[in-house]
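Asker: Before I ask anything, let me first share the structure, which is written out below as structure tokens.
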Amino acid sequence: MLGFFTDPFPDEILYSAAARYHHRAKNKRTSVTARDWFGEDAYRVVVDFPSHLDYLISALPKGHIYTADILIEKHTLFPFYVPFLPAGRAEKIREYLRSSVDGGAVYPLLGMLTSKITLNALRYCPLCAEEDRQQYGEAYWHRVHQIPGVFACAKHKLFLNDGYAHPRSVEDRNKHFVCAEEVINLSLIQPLDLTNADHKVHFQIAEDVEWLSKNNLNDLTLSDFNARYRYVLFNSRLLTFGGSLSLTKIKQKFTELFSAELLNETACLVKGKSTWIDRLFNNPDGTQHPVRHLLFLQFCNYSLEEFIKLPTKIKPFGKPPFPCLNPAAEHFQQPVIEKVHITNKQKSDTEISGTFYCECGFVYRKFGRDEKGKRRFEFDRVVQFGATWDNALKQIFEQGEPNLEEIAKKFGVVERTLLRQLVRLGLTNKYETLMPKRLGKARMSFEEIEEKRTAIREEWLKMLRENPKLSRSKLRWVNETVHSWLYKNDRIWLQENYPKLKTKQTKYKLVNWNDRDEETAPKIKDLADELKSLPGRPIFVSKTILYRRLKIANLLKRPQFVPKTIEALETYGETFEDYAIRRIDWGIEESVKKNKPINQFAFMKLTGVAPKCLANNPLVKGRFYEALEIIKSRVRNI
Numbered sequence: 003m004l005g006f007f008t009d010p011f012p013d014e015i016l017y018s019a020a021a022r023y024h025h026r027a028k029n030k031r032t033s034v035t036a037r038d039w040f041g042e043d044a045y046r047v048v049v050d051f052p053s054h055l056d057y058l059i060s061a062l063p064k065g066h067i068y069t070a071d072i073l074i075e076k077h078t079l080f081p082f083y084v085p086f087l088p089a090g091r092a093e094k095i096r097e098y099l100r101s102s103v104d105g106g107a108v109y110p111l112l113g114m115l116t117s118k119i120t121l122n123a124l125r126y127c128p129l130c131a132e133e134d135r136q137q138y139g140e141a142y143w144h145r146v147h148q149i150p151g152v153f154a155c156a157k158h159k160l161f162l163n164d165g166y167a168h169p170r171s172v173e174d175r176n177k178h179f180v181c182a183e184e185v186i187n188l189s190l191i192q193p194l195d196l197t198n199a200d201h202k203v204h205f206q207i208a209e210d211v212e213w214l215s216k217n218n219l220n221d222l223t224l225s226d227f228n229a230r231y232r233y234v235l236f237n238s239r240l241l242t243f244g245g246s247l248s249l250t251k252i253k254q255k256f257t258e259l260f261s262a263e264l265l266n267e268t269a270c271l272v273k274g275k276s277t278w279i280d281r282l283f284n285n286p287d288g289t290q291h292p293v294r295h296l297l298f299l300q301f302c303n304y305s306l307e308e309f310i311k312l313p314t315k316i317k318p319f320g321k322p323p324f325p326c327l328n329p330a331a332e333h334f335q336q337p338v339i340e341k342v343h344i345t346n347k348q349k350s351d352t353e354i355s356g357t358f359y360c361e362c363g364f365v366y367r368k369f370g371r372d373e374k375g376k377r378r379f380e381f382d383r384v385v386q387f388g389a390t391w392d393n394a395l396k397q398i399f400e401q402g403e404p405n406l407e408e409i410a411k412k413f414g415v416v417e418r419t420l421l422r423q424l425v426r427l428g429l430t431n432k433y434e435t436l437m438p439k440r441l442g443k444a445r446m447s448f449e450e451i452e453e454k455r456t457a458i459r460e461e462w463l464k465m466l467r468e469n470p471k472l473s474r475s476k477l478r479w480v481n482e483t484v485h486s487w488l489y490k491n492d493r494i495w496l497q498e499n500y501p502k503l504k505t506k507q508t509k510y511k512l513v514n515w516n517d518r519d520e521e522t523a524p525k526i527k528d529l530a531d532e533l534k535s536l537p538g539r540p541i542f543v544s545k546t547i548l549y550r551r552l553k554i555a556n557l558l559k560r561p562q563f564v565p566k567t568i569e570a571l572e573t574y575g576e577t578f579e580d581y582a583i584r585r586i587d588w589g590i591e592e593s594v595k596k597n598k599p600i601n602q603f604a605f606m607k608l609t610g611v612a613p614k615c616l617a618n619n620p621l622v623k624g625r626f627y628e629a630l631e632i633i634k635s636r637v638r639n640i
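Read in order, the letters of the sequence shown correspond to residues 3 to 640 in my numbering.
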């Protein structure tokens with residue numbers, strides 16, 4: 003148990019508290035502090051994601067107020083990464099930080115192993131350090147200043163100073179715990195120039211990080227951010243409702259907005275075919291460094307605080323409920339429509355259409371976006387008038403003979419449309435003299451339509467007789483007018499009278515599996531012997547190498563047909579144990595050729611047999627020490 007504990011200050015990184023403890027305890031060696039805090043002499047000092055926190059809590063003096071989760075949330079970089087992780091991954095990271103397993107397992111989960119955004123030195127703000135001295139009596143390392151990719155202090159609008167080389171890069175382990183008080187220089191002040199575009203970007207990143215440190219966003223995940231990205235890009239005409247994303251345009255606009263110097267400094271350059279922006283959208287569960295997300299937020303023209311308030315669903319026609327535009331309904335222009343069907347068959351924005359269904363039966367359609375609701379009380383087409391509209395029109399005509407112009411205006415249609423609806427409802431007796439003039443060309447009678455149908459059918463059948471060898475697609479172009487009329491007006495009959503589809507009959511050659519099996523099995527043995535006899539260091543003759551070099555992977559999908567091939571692979575394909583023993587035997591010959599004694603570690607290096615392999619494989623271990631004796635005796639006798 004610790005005799006005392008250096009309580010972390012607000013926003014102090016846990017490493018800083020450990021460094022202050024190391025200084026006050028006057029420990030000469032880092033291993034002593036590491037054992038006191040983390041239970042291991044060889045504990046690797048970590049600034050961002052320290053592990054063994056459950057042990058630290060158990061070692062604290064009685065009466066403390068800390069838990070492992072408090073230390074994780076308040077004094078590590080954990081909260082800055084959580085909102086940008088896939089669902090469920092944050093809890094795995096939290097478990098690693100609490101436990102005594104290797105803390106290095108955290109970094110692959112964060113995607114930091116492949117990220118070029120690193121922290122090469124512990125950083126500080128001189129004005130923050132001066133305030134710390136006045137309030138707490140000493141300066142300390144702030145965690146908001148230790149996030150890779152953050153170069154400014156949002157509070158004082160200054161560039162951060164490099165105070166001390168990052169502990170990972172320090173060779174002397176006894177210098178791993180360094181207090182801020184030992185290295186800060188209050189006279190080195192570098193103010194931000196917010197009229198400079200690059201400085202303004204650095205300030206906004208620092209401001210977002212500062213806001214994130216004071217607000218818990220643990221409930222957000224990477225999918226929430228991706229949904230909001232798509233919402234913003236849709237409104238910026240860089241994403242269609244159908245999901246087609248203009249990544250080339252996005253990358254072009256991104257590189258135009260930010261300078262190459264800034265992108266290089268923050269390791270956010272967009273070069274090559276597969277950039278981090280491509281991975282941001284093409285790999286929904288892939289992790290990117292938080293600074294890259296914050297930079298992309300600036301590209302979207304939002305701060306982090308503003309961004310998380312955005313909706314996660316794309317709404318090209320604004321927020322429901324939508325107004326009913328049925329002039330005959332009592333709820334005319336009132337927001338009563340909840341049911342909307344949105345389609346986007348093409349990639350262009352103009353092809354977006356929304357069909358709005360009201361309970362009164364009135365259905366209308368809009369084309370194109372209307373996110374801001376400027377066309378909220380307009381429509382492009384009526385799909386269905388509905389019972390309420392029909393009943394109101396019938397009621398007016400039952401009361402007398404209304405003026406067509408006035409009634410059309412009242413019901414929100416033109417006269418021509420009104421007359422067509424009168425025809426549909428059977429209310430045209432009083433307007434028979436107006437119908438030809440108002441409706442245009444008179445419609446054909448049923449008898450005339452049937453006569454035309456018969457004539458066109460005969461024409462199609464005649465085309466079939468005269469062109470018996472033509473396919474469907476070629477026959478269509480013999481007389482496109484006939485085909486189009488039948489397709490629109492008599493499609494079922496047309497499909498029944500198409501030429502029969504001509505299918506190619508491919509003759510498949512049956513595989514003689516017995517012959518293939520008999521032929522392949524000896525080849526496996528010959529290839530294995532050839533690979534094992536190659537000069538130089540032995541190569542691993544695994545089953546995978548054998549079937550790949552012989553190109554017989556397809557055979558292995560049907561193991562029941564090639565039993566001898568499978569048996570040959572099992573017989574001549576090496577295991578790791580066989581391969582290790584063969585390397586040891588090769589090592590004997592190599593050592594004897596040089597005619598020099600060799601010790602255990604040199605022989606391990608020569609053969610590539612690791613201590614872990616010896617510990618887990620008794621046969622390999624026995625052959626390894628037997629080989630050392632053989633070399634010793636043969637070298638002595640030469």
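Every residue, glycine too, gets a C-beta built ideally from N, C-alpha and C.
I need the boundaries of the alpha helix (DSSP H) containing Lys368, first residue and last residue.
Answerer: For the purposes of this step, residue 368 is taken as residue 366 along the sequence shown, with counting starting at 1. No alpha helix (DSSP H) contains Lys368, which is instead part of the beta strand (DSSP E) from 365-369.
Asker: Applying the 10 Å Cβ sphere with the 16-neighbour rule, what's the burial state of Trp391?
Answerer: For the purposes of this step, residue 391 is taken as residue 389 along the sequence shown, with counting starting at 1. Classification of Trp391: buried, given that the 10 Å Cβ count is 16 or more.
Asker: Are the Cβ atoms of Gly575 and Val543 separated by less than 8 Å?
Answerer: Position 573 of the sequence shown, counting from 1, holds the residue named residue 575. Position 541 of the sequence shown, counting from 1, holds the residue named residue 543. The answer is yes: Cβ separation under 8 Å.
Asker: So, are the CB atoms of Val84 and Asn220 less than 8 Å apart?
Answerer: Here the question's residue 84 lines up with position 82 in the sequence shown. Here the question's residue 220 lines up with position 218 in the sequence shown. Yes; because the gap between Cβ atoms is below 8 Å, this pair is in contact.
Asker: Which two residues bound the contiguous alpha helix (DSSP H) that contains Leu309?
Answerer: Counting from one through the sequence shown, the residue named residue 309 turns up at place 307. The amino acid occupying residue 309 in the given sequence is Phe; Leu does not appear at that position. Where Phe309 is concerned, the enclosing alpha helix (DSSP H) stretches over 306-309.
Asker: Of all the alpha helix (DSSP H) runs that stay within the bounds of the stretch 17-72, which reach a length of 4 or more residues?
Answerer: Correct list: 32-40, 55-61.
Asker: Which residue wins for smallest C-alpha separation from Tyr138, given the options Thr32, Asp13, Gly402?
Answerer: Within the sequence shown, the letter at position 136 stands for residue 138. Taking only the C-alpha atoms, the option nearest Tyr138 is Asp13.
Asker: Beta-carbon within less than 7 Å of Val416's beta-carbon, same chain only, minus the 5 sequence neighbours each way: which residues are those?
Answerer: To locate residue 416, count along the sequence shown from 1; it is residue 414. Excluding sequence neighbours, Val416 sits near Ala410.
Asker: Between the C-alpha atoms of Asn328 and Arg383, what's the straight-line distance to the nearest angstrom?
Answerer: Residue numbering aside, residue 328 sits at position 326 when the sequence shown is read from its first letter. Residue numbering aside, residue 383 sits at position 381 when the sequence shown is read from its first letter. One C-alpha to the other measures close to 12 Å.
Asker: From which residue to which residue does the alpha helix (DSSP H) around Tyr126 run?
Answerer: Taking the first residue of the sequence shown as position 1, residue 126 is located at position 124. No alpha helix (DSSP H) holds Tyr126; the beta strand (DSSP E) holding it covers 123-126.
Asker: Which complete alpha helix (DSSP H) runs does the stretch 484-542 hold, if anything under 4 residues is left out?
Answerer: 493-498, 515-534
Asker: Suppose you measure from the CA of Glu184 to the CA of Ser33; what does that come to, to the nearest Å?
Answerer: Here residue 184 corresponds to residue number 182 of the sequence shown, with the count starting at 1. Here residue 33 corresponds to residue number 31 of the sequence shown, with the count starting at 1. Using only the alpha carbons, I get a separation of about 20 Å.
Asker: Grab the span of the beta strand (DSSP E) containing Asn198 for me, first residue to last.
Answerer: Sequence index remark: in the sequence shown, residue 198 carries index 196 (1-based). Note, Asn198: premise wrong, no beta strand (DSSP E); not H, not E.
Asker: Have a look at Asp372, Phe381, Ser355 and flag the residue whose alpha-carbon is nearest the alpha-carbon of Phe364.
Answerer: In the sequence shown, residue 364 corresponds to position 362, counting from 1. Phe364 has its Cα closest to that of Phe381, out of Asp372, Phe381, Ser355.
Asker: In terms of DSSP beta bridges, what is Asp164 paired with?
Answerer: Within the sequence shown, the letter at position 162 stands for residue 164. Paired residues: Arg125.
Asker: Roughly how many angstroms lie between the CA atoms of Phe358 and Phe324, to the nearest whole one?
Answerer: To locate residue 358, count along the sequence shown from 1; it is residue 356. To locate residue 324, count along the sequence shown from 1; it is residue 322. Just so you know, the alpha carbons of Phe358 and Phe324 end up roughly 8 Å apart.
Asker: Check whether the Cβ atoms of Ala19 and Thr35 sit closer than 8 Å, and answer yes or no.
Answerer: For the purposes of this step, residue 19 is taken as residue 17 along the sequence shown, with counting starting at 1. For the purposes of this step, residue 35 is taken as residue 33 along the sequence shown, with counting starting at 1. No, these two residues do not count as a Cβ contact at 8 Å.
Asker: Since His144 sits in a beta bridge, which residues does DSSP pair it with?
Answerer: Counted from its first residue, the sequence shown places residue 144 at position 142. According to DSSP, His144 bridges with Glu14.
Asker: Name the two residues that bound the continuous beta strand (DSSP E) containing Ser355.
Answerer: Position 353 of the sequence shown, counted from the first residue, corresponds to residue 355. Run containing Ser355: 354-359, per the beta strand (DSSP E) assignment.
Asker: Drop a sphere of 10 angstroms on the beta-carbon of Asp38, count the other beta-carbons inside from all chains shown, and report buried for 16 or more, exposed for fewer.
Answerer: Reading the sequence shown from its first residue, position 36 is the one you call residue 38. So Asp38 counts as buried.
Asker: Among residues of its own chain, excluding the 5 on either side of Leu62, which ones have a beta-carbon nearer than 7 Å to its beta-carbon?
Answerer: Counting from 1 along the sequence shown, the entry for residue 62 is found at position 60. Cβ neighbours of Leu62 beyond the five flanking positions: Leu4, Phe7, Tyr68.
Asker: Just checking my contact of Val211 with Val272 at CB under 8 Å: how many whole Å lie between their CB atoms?
Answerer: The residue given as residue 211 occupies position 209 in the sequence shown. The residue given as residue 272 occupies position 270 in the sequence shown. No, Val211 and Val272 are not in contact; Cβ-Cβ is about 22 Å, not under 8 Å.
Asker: Give the secondary structure of Gln386 by DSSP, where H, G and I count as helix, E and B as strand, and everything else as coil.
Answerer: On the sequence shown, position 384 is the one that residue 386 refers to. Correct three-state label for Gln386: strand.
Asker: For Lys202, collect the residues of the same chain with a Cβ closer than 7 Å to its Cβ; drop the 5 residues on either side in sequence, then sort them by chain order.
Answerer: By 1-based counting over the sequence shown, the position of residue 202 is 200. Result list for Lys202: Leu196, in chain order.
Asker: In terms of DSSP beta bridges, what is Asn346 paired with?
Answerer: On the sequence shown, residue 346 is found 344 positions in, with the first residue counted as 1. Bridge partners of Asn346: Ile354.
Asker: How should Asn163 be labelled, buried or exposed, when 16 other C-beta atoms within 10 angstroms of its C-beta is the threshold for buried?
Answerer: In the sequence shown, the residue the question calls residue 163 occupies position 161. That one is buried.
Asker: Please name the residue in Leu297, Phe179, His343 whose C-alpha comes closest to that of Lys317.
Answerer: Numbered from 1 along the sequence shown, position 315 holds the residue referred to as residue 317. Restricting attention to Leu297, Phe179, His343, the CA atom closest to the CA of Lys317 is found in His343.
Asker: Go to Ile339, then tell me how far its beta strand (DSSP E) extends in each direction, as first and last residue.
Answerer: Position 337 of the sequence shown, counting from 1, holds the residue named residue 339. Note, Ile339: beta strand (DSSP E), 337-339.
Asker: Which term fits Val513, buried or exposed, when burial requires 16 or more other beta carbons within 10 angstroms of its beta carbon?
Answerer: Translated into the one-based positions of the sequence shown, residue 513 becomes position 511. By the neighbour-count rule (16 or more Cβ atoms within 10 Å), Val513 is not buried but exposed.
Asker: Use the C-beta contact count for Asp134: other C-beta atoms within 10 angstroms, 16 or more gives buried, fewer gives exposed.
Answerer: On the sequence shown, position 132 is the one that residue 134 refers to. By the neighbour-count criterion, in which 16 or more other beta carbons inside 10 Å mark a residue as buried, Asp134 falls on the buried side.
Asker: For Ile640, which residues in the same chain have their Cβ closer than 6 Å to its Cβ, ignoring the five residues on either side in sequence?
Answerer: Here the question's residue 640 lines up with position 638 in the sequence shown. Residue confidence is low: Ile640 scores 47 on pLDDT, short of 50, so the model does not pin down where it sits. Its coordinate-derived value is still stated next. Excluding sequence neighbours, Ile640 sits near Asn597.
Asker: Within 10 Å of its beta-carbon, does Leu241 have 16 or more other beta-carbons around it, so buried, or fewer, so exposed?
Answerer: In the sequence shown, the residue the question calls residue 241 occupies position 239. Buried, since its Cβ has 16 or more Cβ neighbours within 10 Å.
Asker: Tell me which residue opens and which closes the alpha helix (DSSP H) that Lys94 is part of.
Answerer: Along the sequence shown, read from residue 1 onward, the residue named residue 94 stands at position 92. It spans 91-100 - the alpha helix (DSSP H) in which Lys94 sits, taken as one unbroken run.
Asker: Please classify Cys615: does DSSP put it in a helix, a strand, or coil?
Answerer: Numbered from its first residue, the sequence shown carries residue 615 at position 613. It is helical.
Asker: From the DSSP output, read off the bridge partner residues of Cys326.
Answerer: For the purposes of this step, residue 326 is taken as residue 324 along the sequence shown, with counting starting at 1. Paired residues: Phe334.
Asker: Comparing C-alpha positions only, which one of Pro81, Pro322, Ala89 sits nearest to Leu1?
Answerer: Residue 1 cannot be examined here, being either before or after the span of the chain that is shown, 3 to 640.
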